[in-house]
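Under UniProt numbering, the residues of the sequence shown are numbered 1 to 350, in order. Where a beta carbon is used, it is the ideal one built from N, C-alpha and C, also for glycine. Source: prediction; values computed, not measured.
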Amino acid sequence: MKMKGAYYFRLWRLLRRLRAWRFAALVFTIFNVKCFPFVWHYRFFIPVLTASLRKPVEQCPAMLRRQTNGVPLVFLPIITTTRVPLLEGDFNLHKSNSTYFTDLDTSRAHLLAFLCFKGMAKLDKDLRAAGKSGILTVMLGSTQTSFKREIPTFHPYEVWSRILTWDQKWLYIVTHFVQKGKIKPTASVTNIGGVKRKPKTSVRGVTEIAKSNSLEDEKTPASSSTDLDSPIFATAISKCVFKKGRLTIAPERVLDISGLLSKVAPDSSPIDLSYPDVRANGSTAYHTTEEMCNFQLAKTIEKERLKGLKYADLLSGLEELQGQLLKDEEVSNGVISLGTFNDYGQHISH
1 MKMKGAYYFR
11 LWRLLRRLRA
21 WRFAALVFTI
31 FNVKCFPFVW
41 HYRFFIPVLT
51 ASLRKPVEQC
61 PAMLRRQTNG
71 VPLVFLPIIT
81 TTRVPLLEGD
91 FNLHKSNSTY
101 FTDLDTSRAH
111 LLAFLCFKGM
121 AKLDKDLRAA
131 GKSGILTVML
141 GSTQTSFKRE
151 IPTFHPYEVW
161 SRILTWDQKW
171 LYIVTHFVQK
181 GKIKPTASVT
191 NIGGVKRKPK
201 TSVRGVTEIA
211 KSNSLEDEKT
221 PASSSTDLDS
231 PIFATAISKC
241 VFKKGRLTIA
251 PERVLDISGL
261 LSKVAPDSSP
271 IDLSYPDVRA
281 NGSTAYHTTE
291 EMCNFQLAKT
301 IEKERLKGLK
311 YADLLSGLEE
321 LQGQLLKDEE
331 VSNGVISLGT
341 FNDYGQHISH
């Protein structure tokens, strides 16, 4: 306690020596560092650098057995914590709607770097050996955000991102902006070996949360969306594509080489997992745990992927609006606008 008190005393003496404007500048910098130049670049690339130094995480049967909620690794969320700096506030001192997109960039970078970095590096090497030029990267196709509640200035919050679904070309990511501390994960993949799990997730204000069963178990009572509505500030869906030069890479190929999918197809199971095999002599032959986990994993992943496609279709439908820039009459007769203004509100004459 004495050492701690001495530290604060020295800190106070140092602050007293600073001039008022320097102290104000220091406080301003601390509370707004998120908005400074090149900070976005740091926030975006630091998860990529971290992923390059981390061992790859794979969805193996052992990990699947150890998960209490039965959610496959490919659909687990990644969580980033932040708060609203003053420079992100609007005239109501709430987080400006436009600033949500910088958090989306950072959250997507964390998610895809954690899950796919090693796989993308391996796939990029294989494609380069096959004569394909360019760098394998992820490009954002579109994003849509639905705002539910405002976030006050300086208020802390969490950004939850997870893979929603994918099709032959696009990977869809869903992101929720959540009140910090409302939903507390019981475990983390990064230290899954040493975490003691609680029987259920701690969620303040939520009366009931789904207990640990597989997604296949339809009878288990799950948390309804209305139960978890209160801590959510906004929800966004992003559509991404994997590109190497002009070549488009199917998301399933990237996820598969990253070890996130099952080793078998969901519709190619040669065994009935519901019943054991009976040999000719009447003895029972049980399938190995790995076989059962692989087929169960494949079915679970495909079911969740199809479930997410109905939301992805809503975002894909917006692409048709790109052809609606001009009305038919404007194409033939020219465009009459309300006016053209620059960044400073000055009218520009054509």
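Could you check if residue i is buried or exposed, using at least 16 other CB atoms within 10 Å of its CB as the buried criterion?
| i | result |
| --- | --- |
| Ala129 | exposed |
| Glu88 | buried |
| residue 351 | Nothing can be reported for residue 351: it is not among the residues displayed for the chain, which extend from 1 to 350. |
| Ser258 | buried |
| Lys34 | buried |
| Tyr7 | exposed |
| Ile249 | buried |
| Ser349 | exposed |
| Ala20 | exposed |
| Gln322 | exposed |
| Leu247 | exposed |
| Lys184 | exposed |
| Leu76 | buried |
| Lys307 | exposed |
Ends of the beta strand (DSSP E) at residue i?
| i | result |
| --- | --- |
| Ser332 | Unbroken run through Ser332 is the alpha helix (DSSP H), 328-333; no beta strand (DSSP E). |
| Thr143 | 136-147 |
| Phe233 | 232-244 |
| Ile249 | 247-249 |
Per DSSP, which one or two residues make a beta bridge with residue i?
| i | result |
| --- | --- |
| Glu158 | Thr81, Val178 |
| Trp166 | Leu171 |
| Gly89 | Lys95 |
| His347 | Phe341 |
| Pro56 | Partner(s): none; Pro56 has no beta bridge. |
Hey, would you say residue i sits closer than 8 Å to residue j, going by beta carbons?
| i | j | result |
| --- | --- | --- |
| Phe177 | Ile232 | yes |
| Val174 | Thr235 | yes |
| Val254 | Leu123 | yes |
| Val84 | Pro37 | no |
| Ile163 | Val71 | no |
| Phe237 | Tyr157 | For clarity, residue 237 is Ile in the given sequence; the question names Phe instead. Cβ atoms of Ile237 and Tyr157: not closer than 8 Å. |
| residue 354 | Thr82 | Residue numbering for the chain in the displayed model covers 1 to 350; residue 354 lies beyond these limits and cannot be assessed. |
| Leu326 | Gln144 | no |
| Lys118 | Pro56 | yes |
| Trp170 | Glu252 | no |
| Ser142 | Leu315 | yes |
| Ala109 | Val48 | yes |
| Ser133 | Gly245 | yes |
| Ala51 | Phe114 | yes |
| Asn294 | Ser332 | no |
| Ile78 | Leu26 | no |
| Val159 | Thr80 | yes |
Which first and last residues belong to the alpha helix (DSSP H) in which residue i is found?
| i | result |
| --- | --- |
| residue 361 | There is no way to answer for residue 361, as the model of the chain reaches only from 1 to 350. |
| residue 413 | Nothing can be reported for residue 413: it is not among the residues displayed for the chain, which extend from 1 to 350. |
| Phe75 | Taken as a continuous stretch (DSSP letters only), Phe75 belongs to no alpha helix (DSSP H), as it is neither H nor E. |
| Val48 | 39-53 |
| Phe31 | 20-32 |
Ignore the nearest five residues each way along the sequence and tell me which others in residue i's own chain have a CB closer than 6 Å to its CB.
| i | result |
| --- | --- |
| Cys116 | Val254, Ser258 |
| Glu150 | His94 |
| Leu309 | Thr165 |
| Thr340 | Ile348 |
| Asp328 | none |
| Ile135 | none |
In its own chain, which residues sit with a C-beta less than 7 Å from the C-beta of residue i, not counting the 5 before and 5 after it?
| i | result |
| --- | --- |
| Leu11 | none |
| Asn32 | Pro85, Leu86, Leu87 |
| Thr137 | Lys243 |
| Thr99 | Glu88 |
| Leu260 | Gln59, Leu73, Val74, Leu115 |
| Lys198 | Residue confidence is low: Lys198 scores 48 on pLDDT, short of 50, so the model does not pin down where it sits. No coordinate-derived value is stated. |
| Arg43 | Thr106 |
| Arg305 | Thr165, Trp166 |
Got a sec? Which residues, its chain only, sit under 8 Å from residue i by beta carbon, not counting five neighbours each side?
| i | result |
| --- | --- |
| Phe154 | Phe31, Arg83, Val84, Pro85, Leu86 |
| Phe45 | Ala109 |
| Asn342 | Ile348 |
Determine, for residue i, whether the minimum Cβ-Cβ distance to residues of chain B falls below 8 Å.
| i | result |
| --- | --- |
| Glu158 | Note that chain B does not occur in the displayed structure, where there is just one protein chain. |
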